[in-house]
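A short worksheet on the structure shown next.
Number of protein chains: 2
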Amino acid sequence: MSDRIFRVNMTDLSTRIEDVPEGWAGLGGRGLTSAVVAAEVDPTCHPLGPLNKLVFAPGLLSGTVAANSGRLSCGAKSPLTGTIKESNAGGTAAQMLARLGCKALIIEGKPSGDKWYSLHLTPEGVRIQEETELVGQGNFRVVEAVRERFGERHGVITIGPCGEMRMLAANISVKDPDGKLRSHGRGGLGAVMGSKKIKFITIDPADSKIPIADPEKFKGASRTFAKALLDHPITEGLGEYGTDILINIINEAGALPTRNFTSGQFDGHDKISGETMHDLIKKRGGKVKHFCHKGCIIQCSQVYNDKEGKYLTSGFEYESIWAMGADCCVDDLDVIAEADHVMDDIGIDTIETSVAMGVAMEAGILEFGDGKEALRILREEVSQGTPLGRIIGCGAASVGRAFGVTRVPVVKNQAIPAYDPRAVKGIGITYATSTMGADHTSGYTIATNILNSGGHVDPLSKEGQVELSRNLQIATAAVDSTGMCIFTAFAILDDEKCLPALVDMINARFGTQLTIDDFMNLGSSILKTEREFNMKAGFTPAHDRLPDFFSREPVPPHNVVWDFSGDEIDAFWDF
Amino acid sequence: MSDRIFRVNMTDLSTRIEDVPEGWAGLGGRGLTSAVVAAEVDPTCHPLGPLNKLVFAPGLLSGTVAANSGRLSCGAKSPLTGTIKESNAGGTAAQMLARLGCKALIIEGKPSGDKWYSLHLTPEGVRIQEETELVGQGNFRVVEAVRERFGERHGVITIGPCGEMRMLAANISVKDPDGKLRSHGRGGLGAVMGSKKIKFITIDPADSKIPIADPEKFKGASRTFAKALLDHPITEGLGEYGTDILINIINEAGALPTRNFTSGQFDGHDKISGETMHDLIKKRGGKVKHFCHKGCIIQCSQVYNDKEGKYLTSGFEYESIWAMGADCCVDDLDVIAEADHVMDDIGIDTIETSVAMGVAMEAGILEFGDGKEALRILREEVSQGTPLGRIIGCGAASVGRAFGVTRVPVVKNQAIPAYDPRAVKGIGITYATSTMGADHTSGYTIATNILNSGGHVDPLSKEGQVELSRNLQIATAAVDSTGMCIFTAFAILDDEKCLPALVDMINARFGTQLTIDDFMNLGSSILKTEREFNMKAGFTPAHDRLPDFFSREPVPPHNVVWDFSGDEIDAFWDF
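Same order as they appear, the protein sequences are chains A and B. Take 1 as the starting number for the first sequence in our numbering and just add one per residue. Take 576 as the starting number for the second sequence in our numbering and just add one per residue.
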């Protein structure tokens, strides 16, 4: 079955299947979502109006047996940042879409009435149904209801009440192999789905196989690639301790943003560390290793149980734990896990919302460290859409505006995640220049600044950071197009066989003759497409800046400030 | 006494008096505030942080006997729009500052603690005092307290609780000759004053006279100028019926934005019209004519009493009445007057806040037409800084973001005022291109589109609108530098003796030899300075656009849409 575009128009509730235009044939994942948004969305439109489009695309290798290739890209003009946005997530949907031959699902228009809908994808195309029962329900209930209605194997893409209410930090969740959730977390894409009145999307578990042009070559490359992943010491650590292994590492580096970015170290770091989590999981009968999609051989996820041994959360990431933990001074991992579960269920980005909570603490809405009150606010205010809930549910900048706070860690209106840019300067360049607002995943310099993967660039010196961020952002844009998880990056950086194997797999899948240079050029061209969209939307180099408090307030323990000039930052785009 | 700059640093609580730099000598009012902000404020700074500056400057003719020359300019980087901002107001302060020889008051820095302060201007300079008693009090109480402490004649510049809470629609109020209030309404400058922890400013009523280089020439020009104002039919109508005379006129033109900009006519227009107000005032023993500053010979203000004949409000403007009236579908003038009084007292822009209320009505927070609930929200939520109050107090765009509304009439985050741009296309060009976000005063094309002042340009046709808006914006920037009220524009447009007399007065005051061309060049250069600041702050032509709903939704009764292309709008800047 050849790949096709599934297109849904929510204004007139029509659907159609289209051939893939030639220019998009070599694209997948982020490369494709960004190409569609750049080609079809007016950059100055209201992100929640009928002119925006929501695009899902599996990666180029999704649905194959390639290790770690099950990421799904979702793109649109972001209502949070106003920029183009791609956010990718694990779960079962990417592989299922690929098996349906759905190269991209493009959702456009907007219904004029108040009715809610669900979309149902099968090999024949898309069916639109009115939905009443699940409106207002949490994501876990939606996944359960789809199982009841359609059986165990259907894929699910869903929004919670926050997406329905079009909160700017609302996320989109994807069912994982255990019926739990993975999320397109950042940029408020859940609000775009909510604006189109789509509560959830199901995907038929078609049994068709992905066509492979050269199966033997694919098998060989796939083995080499998997071995490179398995052999890498960092990916090994990620499996054992999860991404939360970073708490102690980043705290030691003095770059763990604490108390709304006023310190780089958190007294309570031991209580929320990966090591502590690992021991708690073992003690309570959870799972240390867990995958977000089939074929993942890193397994950085986990199943975290409560004191009674009952499931509490999974996919419990360092950035989420940092945000509700160190940034809000909450040192109780169970409270953080409960908050994580609530945010997953109501469908809101854990990073944005927790950083917003930290700004609310600075504003005096609640005390730093008061995790119980944070939980109450999530359950009784955010999930209910009270005015306070909406202020927080619209993110850190929203809280800053409403309460007149000036220490608001955002770039292009999106919260800065778990690494202080004053103490790890490479990641500051990524935050400043990313086409998507502050986003660590778009050029994860922590790898080289802190973890010594791909060499070492001193995190406290300005030297080499722009180049480091540029190389990583280009590579990441390309990798984000394959369906590969970001944690393949460590092996790509350190094992010389890994990247050739990745490109070989693409060539074997499609019968193409791409070189490594072609692959990196794909990354460059994605970044340029995204930036051009942003320029048309009104962004300029003046937006590629960190908030001024980073330049004025030294962060302990290194007592360093952000000291890049505008010109130095702007050199990022010299390629 | 020669003019000087009064400078206050709120970080170290120091003050000093400086000579006027040569480049600023020929500037006053908006020309000066914009020059200071452009020269001294980092365009990318946080508007509520220590790097922003708040600048007050009387006009070039303020303090002289020139008719209508008592406007005070206030400038800063706006926390609402992120652009440079000048907002001017009547009241007694401009004339008193001019008599003190204070060409500009520049307030910079920000205290680190929680203490509040007041500033006291005398011929010797500025004294900073800690303030406790009036913190949290309304503007009327502040004016009364200053009278009690210092006597009847002191000038007062003050913020209410909304400015203290740094709400983005907070205004700055100025005591008028009757001890009532006039406001620097737009752009949230009250939040900037609040961020610097200044509750109020007093001005010593120095008896010194303004030096006039050529008194005889000044006298003659001043008489000619005053006669031109008095002879003009529109200024006459403004005196009799106030600016609210426009309700019926704009309704008739189909351009009275109604029910959050979904219609151009309001069924209840008669109940809130200037004619109705005039009759009510007469019946209740108010004043039909009233001036905002001494020397005003138009007297468009009034004293509006309640049913019991007790003072309710004054300076009760068309735009305020429209916003809480037609836009929110409230057809009770007493309720609107009460809301006007409350907003004056708590210190928040009537246009921004009422348009925000209209968006809240669209979001379902309250019903269209429910003026009582709007009043309750102002009194119990906005003035108290509850979460809902803060959402509304941060303006129309804030409400749109929080509640996911897409019909949000703003440009550069500032609410579009009382003239629908689809039905009066010239004013749409002004909204789109103004350096300050949507602002009717920056290029009041209504004069020519509707009132046939300065000729006539068909409001429904695109032809000639860009040129009209450009000419008016240039002239307005120059007039805003003189201290002259915007309503001198009608005589300037229609009486050929008026503009030469204005320029003659400036020359007679300073002993200069400015030509009319010089005067208009001043206007051009102000606009360019302001635009350059905005470009450095990150604004581009993509921000010179109206929200996309104006292009998609025809407005009755003409059923017209906004149909300017980006290129057509951008031609505005070809000068």
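Here a beta-carbon is modelled for each residue, glycine too, at the ideal position from N, C-alpha and C. All values derive from a computational prediction rather than experimental measurement.
Neighbouring residues, chain B, relative to residue i (Cβ below 8 Å)
i: A:Pro409; result: Here the premise fails: no neighbours, minimum Cβ distance about 12 Å.
Chain B residues whose Cβ lies nearer than 7 Å to that of residue i
i: A:Arg401; result: Leu743, Cys969, Ser973
i: A:Pro58; result: The premise fails here: A:Pro58 is roughly 29 Å from chain B at the closest Cβ pair, so nothing lies under 7 Å.
Neighbour list for residue i in chain A, Cβ cutoff strictly below 7 Å
i: B:Leu623; result: Gly404, Thr406
i: B:Met1080; result: Correct list: empty, because the minimum Cβ distance to chain A is about 40 Å.
Bridge-paired residues (DSSP) for residue i
i: A:Val156; result: A:Thr202
i: A:Tyr304; result: A:Thr313
i: A:Thr75; result: Checking the sequence, you will find Gly at residue 75 of chain A rather than Thr. Per DSSP, A:Val55, A:Glu86.
i: A:Asn248; result: DSSP, once it has assigned bridges, lists no residue as partnering A:Asn248.
i: A:Thr512; result: Paired residue(s): none; A:Thr512 is not in a bridge.
i: B:Ile923; result: B:Ala745
i: A:Val555; result: A:Val560
i: B:Leu1043; result: Paired residues: none, contrary to the question.
i: A:Glu18; result: A:Ile5
i: B:Leu756; result: B:Lys750
i: B:Glu705; result: B:Tyr692
i: B:Gln989; result: B:Val986
i: B:Glu942; result: B:Glu942 pairs with nothing; no bridge assigned.
Whether residue i touches residue j by CB criterion (8 Å)
i: A:Ala35; j: A:Thr386; result: no
i: B:Asp617; j: B:Leu626; result: yes
i: A:Gln95; j: A:Gly75; result: no
i: A:Thr83; j: A:Ala491; result: no
i: A:Leu97; j: A:Val192; result: no
i: A:Arg99; j: A:Ser208; result: yes
i: A:Arg422; j: A:Phe549; result: no
i: B:His1025; j: B:His1015; result: Here the sequence assigns Ile to residue 1025 of chain B, which means His is not the residue at that position. No.
Spatial neighbours of residue i in its chain, beta-carbon cut-off 7 Å, leaving aside the 5 residues before and after
i: A:His290; result: Gln299, Ser301, Gln302, Val303, Ser314
i: A:Thr224; result: Lys497, Ala501
i: A:Asn139; result: Thr158, Gly160, Ser173, Leu181, Asp344, Asp345, Gly347
i: B:Ala1022; result: Ser1028, Gly1029, Ala1064, Phe1065, Leu1068
i: A:Leu527; result: Thr435, Gln473, Ile474, Ala477
i: B:Gly765; result: Ile734, Cys737, Gly738, Ala745, Asn746, Ile747, Gly922
i: B:Glu706; result: Trp691, Tyr692, Ser693, Lys774
Interface flag, residue i vs chain A, CB-CB below 8 Å
i: B:Cys903; result: no
i: B:Lys1111; result: yes
i: B:Thr619; result: yes
i: B:Pro1122; result: yes
i: B:Pro962; result: yes
i: B:Ala1117; result: yes
i: B:Leu1047; result: no
i: B:Leu831; result: no
Cβ of residue i within 8 Å of any chain B Cβ
i: A:Thr430; result: no
i: A:Arg390; result: yes
i: A:Ala38; result: no
i: A:Met193; result: no
i: A:Leu229; result: no
i: A:Leu576; result: Summary: the structure shown does not reach residue 576 of chain A, with chain A confined to residues 1 through 575, and so no result is reported for it.
i: A:Leu375; result: no
Proximal residues to residue i (C-beta, below 8 Å), its chain only, five neighbours per side dropped
i: A:Glu568; result: Lys462, Val466
i: A:Asp231; result: Ala491, Asp495
Residues that residue i contacts on chain A, provided the C-beta gap is smaller than 9 Å
i: B:Met740; result: Phe403, Gly404
Residues of its chain near residue i, where Cβ-Cβ distance is below 6 Å and the 5 sequence neighbours each way are ignored
i: A:Ser398; result: Ile391
i: A:Gly194; result: Ile159, Gly163, Glu164, Arg166
i: B:Arg1106; result: Thr1010
Chain A contact residues for residue i, given Cβ-Cβ distances below 8 Å
i: B:Leu626; result: Asp548
*Report the residues of the region 907–931 of chain B with a CB closer than 7 Å to any CB of chain D, ordered along the chain.*
No chain D is part of this structure, whose protein chains are labelled A and B.
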